[in-house]
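A.B. asks: Can you read through this structure? Questions will come right after.
Residue numbers (this note's numbering), protein chains in the order written: chain L, 890 to 1219; chain V, 885 to 1003; chain E, 127 to 288; chain X, 18 to 514.
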């Protein structure tokens, strides 16, 4: 009962914040509010017993996505100059969409119904067989890395694609061939360097954030966490460092060739584990063949691919951040 | 009480509407992209709402504890994937927005359309 | 013994909740940015500290109090920093604290004498815009990630003026 | 496990494995070489898979060794093998063809990223085709979409950027719709495996959520496939992308979404929703007919040759939609064969356009006067492709239209109407193809225009002619595509072969 009340409160807040985002003309306000939106969403996920997702949403939605939006705002515009809406098409389309969904979900199982079909098919099998077949306590990690490892492989390559996309769009060289040395976002965050307190406290926190990221990486089998969250956390630590010390120092700490290499290496590791399984006589991504004992093989496979995921995600986030912060206004 | 159990889905519908409206009605590219990310987050809410079981906990099996009820792990895995896909799309779209600003000098779609019309 | 612990922790939790409530109430009722920040700081310090200690008493001799202590330490470091950055940015972008003149009437801040009569209408408008940004950001419950956006919300206008 | 058993996974794994390598090793010319090698390997694997399944059997490959509804399986039957062949074939042809023009349009600096994106795009499309899991389709759809955005935005014109942005917004909304539909399906069945879904959707008592799910999935995929009113992103994306990219995405990318639409509608919803064939007809016939007319008319009035061909694609997708709407073996065979043939025709035509663009530096129809004399081979390839669009006998377009007409004959008055529509739209195709031919062959170049005397380089001409002649070959001896397509159509409809 308590969770339902709390959930109601959070969901209502979500709607309020979303409306506020829609109404504001100031893009900075909108970006800040969308950070808050993600944070409330993360809290809500936690209430709904999805700890892994909550962690990911908090790091990626509220942390990294906000920083990326700010980086883009520094290079584009501060205000939304959309003309007043003259057409009724958007309103009708979106209302129709909402109407259809509400109409359909009137027959959906209520929240938390233990007899819902989703809890009767497939999912119980995971909960039953994970201790036997894979033997890691966190079932989410088991499903993510092994049962549906092919999805996760695809996902790593989605991030990889985004990274090469951003790099080919905002790479070092412009179409005209000139190099950019001083980035606009760098300049704007530069004044943070002259403030002692944020700088000292920020620097003090960086090692702990990175440490926490590593903990999440290697503790992902036992508690909430795994490669995605860890990669994003480590990247958040490095980004914080770049913010308080200036982008140039940040790029000294993690050079761009290094983060770029990390991206490709992570994706490569994942694919290579899959191919190695094929070479050792199993199917693609069948980790059981990696060792004499199938369960041990699964552990090894999960460790390796989580490392690949962590490397890719951390590399991608850092690379994309640098790509935005390095860019100067033309 | 029955409707209260469906409140999640209603919020999902409302967020979807707000997101889609923002995408369609705003001509500012960054604003549309914020709308797009709300649109995507709404879907996360749909999936995660499905995973809850009354009296359940996060699906982490603890040794020595019997008869625990766990939330459904599958939607969580799917949404972990979807969140990462979402940020990838956003990052790429923002990079395109930056390049559009550099090429056109504005990120208002209606103005860009005018500029493209006159050769 | 147990009952004593329970009573102590309940008292702490209730007091902490009271602080949070007062903080939220203050953010709603206070007239402008700095006083609102002052109110919000009640949530960060009194509220958070009391609630965390109350929870630690509930935890007993396990890892839980240690984790809570880590959270306490984290908040102890970050929330003053965030407040500092916020106030600093507000000051730089021209939001002045309210002053009282000889007649005893309060009026919205007059700029320091050095760059006295420069304040124009447009900057007054800008000020209200800033206030809404900062106000909204500061009103949210304390947490790691809210702190970050709040810091940045304030940073941007800071640059605009200087 | 022998190598032969591993083939289904290899189609995708080769591409995914090579992409990071192509991105990491920044040697001169290496990314192109690596990409071509990987894509050609994948094409060979796809061909051998097609040879295995042409008889009508199905290969199931369990990823990670986990059985069907719990793990992800690859599901390869005649239809998916045909599509995989089309995608990898188009990708290899466009890559080999684009060796010169891509070096021209994509700088040395961005080449590694570009070719990695190319590999990922191919991998994403193939992955969508061969997977047997509804959510996995979404993941690979995102890989292919994100990499297509990257490829399109590499275009030299600044309008490439705004087209990419629109494509991103439409594509993301489409993919999210698909995701919502899958979510609802999961809610009522508890599974994501397509075969399992097909079995369990029929047992759902409450049909409302299933209907809405079908709607979301169909609309989402229709956006991705550029079915008529949702085609807005396509013409500009085709026009401003680099030429070789246009060849590839015009031949393969929208077809894959149509394929998924076909698969989902027939395999999952057909058996479970009462009167689903009528709903499908009501949904697709008006859209298909409108697409034929609007696409053809817009093509007639278009001045830019690439945009003209893009609008013609909108019209041709109308044919495929009509074939899908007819829910008969002949209609589906027509639709599937047309997906394949249209890929060949449009691929060949865009290759010819790329050759023209290389010499003329413009793709405005008006400026191509005299091209028939200056570049006879290129224009001949273009004309053969154009005849295919019209549907003249002995060209691939004829075969598919033949099956569509056959299917329409069974449909009574609706069928007569559809035959008239098909004939009229073929006439419209004559007009827009003739428009180009007239300028190229019968109009003298303007006095002030720079004279073009050189034919396109052989490195581009030979692939163009290979594609065009393959099309003609499959029109004369249509047993392979028609065999695969009719076996696929029977499987989809559940008719015993």
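We put the CB at the ideal spot given by N, CA and C, even for glycine.
From a predicted model like this one, the values you see are computed outputs, not experimental measurements.
Mind checking which residues open and close the beta strand (DSSP E) that includes residue 1185(L)?
C.D. replies: Taken as a continuous stretch (DSSP letters only), residue 1185(L) belongs to no beta strand (DSSP E), being part of the alpha helix (DSSP H) at 1183-1215.
A.B. asks: Mind listing the chain X neighbours of residue 987(V)? Cutoff is C-beta to C-beta under 7 Å, in chain order.
C.D. replies: Correct list: 175 and 178.
A.B. asks: Using C-beta distances below 7 Å, list every residue in its chain close to residue 906(L), excluding the 5 sequence neighbours before and after it, in chain order.
C.D. replies: Within the same chain, residue 906(L) has close Cβ partners 922, 925, 926 and 929.
A.B. asks: Any idea if residue 1181(L) is buried or exposed, counting beta-carbon neighbours within 10 angstroms, 16 or more meaning buried?
C.D. replies: Exposed, since its Cβ has fewer than 16 Cβ neighbours within 10 Å.
A.B. asks: Give the residues from the segment 1024-1037 of chain L that approach chain V closer than 7 Å (Cβ to any Cβ), ordered along the chain.
C.D. replies: The segment 1024-1037 of chain L vs chain V, Cβ under 7 Å: 1026, 1027, 1028, 1029, 1032, 1033 and 1037.
A.B. asks: What residues in the segment 54-88 of chain X have a beta carbon less than 9 Å from any beta carbon of chain L?
C.D. replies: Residues passing the 9 Å Cβ filter: 78, 79, 80, 81, 82, 83, 86, 87 and 88.
A.B. asks: Is the CB of residue 1063(L) under 8 Å away from at least one CB in chain X?
C.D. replies: Low per-residue confidence applies at residue 1063(L): pLDDT is 48, beneath 50, and the placement is therefore not dependable, though the value from the model is reported in the following sentence. Cβ-Cβ to chain X under 8 Å: no for residue 1063(L).
A.B. asks: Would you kindly check if the distance between the Cβ of residue 166(X) and the Cβ of residue 1054(L) is under 8 Å?
C.D. replies: Contact: yes.
A.B. asks: Taking residue 890(V) as the reference, which of 992(L), 1149(L) and 1091(L) has the closest Cα?
C.D. replies: It is 992(L) whose Cα lies nearest to the Cα of residue 890(V).
A.B. asks: Between residue 1012(L) and the rest of its own chain, which residues show a CB-CB distance below 6 Å, the 5 nearest in sequence each way excluded?
C.D. replies: Contacts found: none.
A.B. asks: Cβ atoms of residue 95(X) and residue 496(X): under 8 Å apart, would you say?
C.D. replies: No, the Cβ-Cβ distance between residue 496(X) and residue 95(X) is not below 8 Å.
A.B. asks: Under the DSSP definition of a beta bridge, which residues are partnered with residue 79(X)?
C.D. replies: Partner(s): 90(X).
A.B. asks: The alpha helix (DSSP H) with residue 889(V) in it runs from where to where?
C.D. replies: First-last of the alpha helix (DSSP H) with residue 889(V): 886-889.
A.B. asks: Quick check on DSSP: helix, strand or coil for residue 73(E)?
C.D. replies: Any question about residue 73(E) goes unanswered here, given that chain E covers just 127 to 288.
A.B. asks: What separation, rounded to the nearest whole angstrom, lies between the Cα atoms of residue 35(X) and residue 136(X)?
C.D. replies: Roughly 8 Å separates the two Cα atoms.
A.B. asks: Whose C-beta lies closer than 7 Å to the C-beta of residue 902(V) among residues of the same chain, with five residues either side of it excluded?
C.D. replies: 922.
A.B. asks: Taking C-alpha atoms, which residue in 300(X), 161(X), 175(X) and 347(X) lies nearest to residue 189(X)?
C.D. replies: Comparing Cα-Cα distances from residue 189(X) to each of 300(X), 161(X), 175(X) and 347(X), the minimum goes to 161(X).
A.B. asks: Buried or exposed: residue 894(L), going by 16 or more other Cβ atoms within 10 Å of its Cβ?
C.D. replies: Exposed, by the Cβ-count rule.
A.B. asks: Does the structure place the segment 1088-1101 of chain L close enough to the segment 201-208 of chain E that three or more beta carbon pairs sit under 8 Å?
C.D. replies: Result yes; three or more Cβ-Cβ pairs closer than 8 Å.
A.B. asks: Is the separation between the beta-carbon of residue 457(X) and that of residue 404(X) shorter than 8 Å?
C.D. replies: No, Cβ-Cβ distance for residue 457(X) and residue 404(X) is not below 8 Å.
A.B. asks: From the DSSP output, read off the bridge partner residues of residue 937(V).
C.D. replies: Note: residue 937(V) sits in a beta bridge opposite 1001(L).
A.B. asks: Per DSSP, residue 992(V) forms a beta bridge with which residues?
C.D. replies: In DSSP, residue 992(V) forms a bridge with 912(V).
A.B. asks: Cβ of residue 356(X) less than 8 Å from any chain L Cβ?
C.D. replies: So, not an interface residue.
A.B. asks: Cβ closer than 7 Å: which chain L residues qualify as neighbours of residue 912(V)?
C.D. replies: Neighbours of residue 912(V) on chain L, chain order: 969, 970 and 971.
A.B. asks: Beta-carbon separation of residue 401(X) and residue 358(X) under 8 Å?
C.D. replies: Going by C-beta atoms, residue 401(X) is not nearer than 8 Å to residue 358(X).
A.B. asks: Cutting at 7 Å between CB atoms, please list the residues of its own chain near residue 141(E), excluding the five before and the five after it.
C.D. replies: These residues qualify, in order along the chain: 176.
A.B. asks: Pair every Cβ in the segment 80-90 of chain X with every Cβ in the segment 457-468 of chain X, then say whether three or more of these pairs are closer than 8 Å.
C.D. replies: Flag = no, the segment 80-90 of chain X and the segment 457-468 of chain X do not touch.
A.B. asks: Taking 8 Å as the CB-CB limit, is residue 178(E) close to chain L?
C.D. replies: It does not; no Cβ of chain L falls within 8 Å.
A.B. asks: How is residue 243(E) classed by DSSP in three states: helix, strand or coil?
C.D. replies: Any answer about residue 243(E) is weak, because its pLDDT of 42 lies below 50 and its placement is not dependable; what the coordinates show is given next. Looking at residue 243(E) - three-state DSSP - the assignment turns out to be helix.
A.B. asks: Looking at the ligand MG, does it come within less than 7 Å of residue 174(E), judged from the CB to the closest heavy atom?
C.D. replies: Questions concerning the ligand MG fall outside what the structure shown contains, since it holds no ligand whatsoever.
A.B. asks: Look at the alpha carbon of residue 1037(L) and the alpha carbon of residue 147(X), and state the distance between them as a whole number of angstroms.
C.D. replies: The alpha-carbon atoms of residue 1037(L) and residue 147(X) are separated by roughly 16 Å.
A.B. asks: Give a yes or no on whether the minimum CB-CB distance between residue 1001(V) and chain L is below 8 Å.
C.D. replies: With 8 Å as the cut-off, residue 1001(V) does not count as an interface residue toward chain L.
A.B. asks: Spatial neighbours of residue 981(V) within its chain, please: CB distance less than 8 Å, with the 5 preceding and 5 following residues excluded, ordered by chain position.
C.D. replies: Within the same chain, residue 981(V) has close Cβ partners 913, 914, 917 and 991.
A.B. asks: Which chain L residues sit within Cβ distance under 9 Å of residue 203(E)?
C.D. replies: The answer, in chain order, is 1090, 1093 and 1094.
A.B. asks: When you compare the CB of residue 960(L) with every CB in chain X, is at least one pair closer than 8 Å?
C.D. replies: By this cut-off, residue 960(L) is not an interface position.
A.B. asks: Please give me, in chain order, every unbroken run of the alpha helix (DSSP H) with length at least 4 that falls completely inside the segment 377-410 of chain X.
C.D. replies: Whole alpha helix (DSSP H) segments, 4+ residues: 388-391 and 393-407.
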